[in-house]
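In this note's numbering, the protein residues as written are 949 to 1270.
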């Protein structure tokens, strides 16, 4: 028995030493960073972090765009990758907090198949209306919508997207009965709102910025506890008296499950340092994103809350993916 324990202890020490050595030498070859469509908010965040990591590590961090199915195709690839730190991915609500409720045969488990590294960026979602809508603020819009149950619609970027989830959260928290009209992307949803085809929309503050400035849409509130730094002129939902009406477009960094903790810690340390820099905060805010780095544990706890929150919204609203 003593000999067996000695062998096990020696094996444990060897494994620990190997993991530490792997982290010390990491990375010694290019790292792949999987993200969504080129030019998307996730792509912008991914490319900024990839460039800075490449400079720090002296190894290229290659952004691998995998559009399709709201990022699920990329998540499937990342989930099956070797857990060695050389494949990472930028995930978001659609890949890690709602997909498991929208797709019956999802090929990965957002919790079991991934290791959270750090939350990266956050973009505010605003409720905007067509100028013909008489409401000038969130509370008066809720009253207006309630006075016309089923008679006021809202556009979204598509079924199951964060913009629809935000709309259904709004309905559930306010008692309004806005009718959902899905479009094939945020751009089409914005065009419909500008033309008056829809009366309202839940879209990112970045998406509506130009049309809001031109007076073609009227933002009533950003769905958050406080005003969003990239659009400080838009009141928060809490200011209007709707605590808990909180929704955002967030992006976070993940590694495949079973990636050595020492490597995860090393990546997290670098990413947090990058995102806390004044350069990162300024550059990302100019693109409509707020840098919000965390520890792996904080990100994991945040993810579990998001899954519980959006799972409840999806089930109560009966939301289905397109």
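Note that beta-carbon positions come from the ideal geometry of N, C-alpha and C, so glycine has one too.
Problem set entry | Rounded C-alpha distance that separates residue 1001 from residue 1071 | Rounded to whole angstroms, residue 1001 to residue 1071 spans 22 Å at the Cα level.
Problem set entry | C-alpha gap between residue 965 and residue 1048, whole angstroms | Any reading at residue 965 must be qualified, since the residue scores a pLDDT of 48, below 50, and its modelled position is unreliable; the value itself is stated next. Going from the Cα of residue 965 to the Cα of residue 1048 covers about 37 Å.
Problem set entry | Touch test, the region 1185-1199 against the region 1111-1125, Cβ-Cβ under 8 Å, three pairs minimum | Output reads yes: the region 1111-1125 touches the region 1185-1199.
Problem set entry | Sequence-distant residues of the same chain with beta carbon closer than 6 Å to residue 1081, five excluded per side | Shown here for residue 1081: same chain residues with a beta carbon closer than 6 Å to its own, the five before and five after excluded, namely 1147 in chain order.
For this session: Pull up the distance between the alpha-carbon of residue 1158 and that of residue 1179, whole angstroms please.
Result: Their Cα atoms are separated by approximately 12 Å.
For this session: Express the C-alpha separation of residue 1269 and residue 1107 in angstroms, rounding to a whole number.
Result: Between residue 1107 and residue 1269, the C-alpha separation is close to 5 Å.
Exercise. Quick one: what does DSSP say residue 1182 is sitting in, helix, strand or coil?
Worked result: Shown here, residue 1182 sits in coil according to DSSP, grouped into three states, outside any helix or strand.
Problem set entry | Pair within 8 Å by beta-carbon distance, residue 1124 and residue 1090 | Yes, the pair counts as a contact, with Cβ atoms nearer than the cut-off.
Problem set entry | Backbone secondary structure at residue 1089 - three-state DSSP | In this structure, residue 1089 counts as helix in the three-state DSSP scheme.
Problem set entry | Classification of residue 1033 by the beta-carbon crowding that lies within 10 angstroms, buried from 16 upward | Burial is judged here by how many other beta carbons sit within 10 angstroms of a residue's own beta carbon; residue 1033 has at least 16 and is buried.
Problem set entry | alpha helix (DSSP H) runs contained entirely in the region 1206-1270, provided each spans 4 or more residues | With a minimum length of 4 residues, the continuous alpha helix (DSSP H) runs that stay inside the region 1206-1270 are 1209-1223, 1226-1234 and 1244-1265.
Exercise. Beta-carbon separation of residue 908 and residue 1235 under 8 Å?
Worked result: It is not possible to answer for residue 908, since the shown part of the chain is limited to 949 through 1270.
Exercise. Do the region 1048-1060 and the region 1248-1256 make contact, defined as three or more Cβ pairs closer than 8 Å?
Worked result: Output reads yes: the region 1248-1256 touches the region 1048-1060.
Problem set entry | Residue from 1007, 1018, 976 and 1005 with nearest C-alpha to residue 986 | When only C-alpha atoms are compared, the closest one is 1018.
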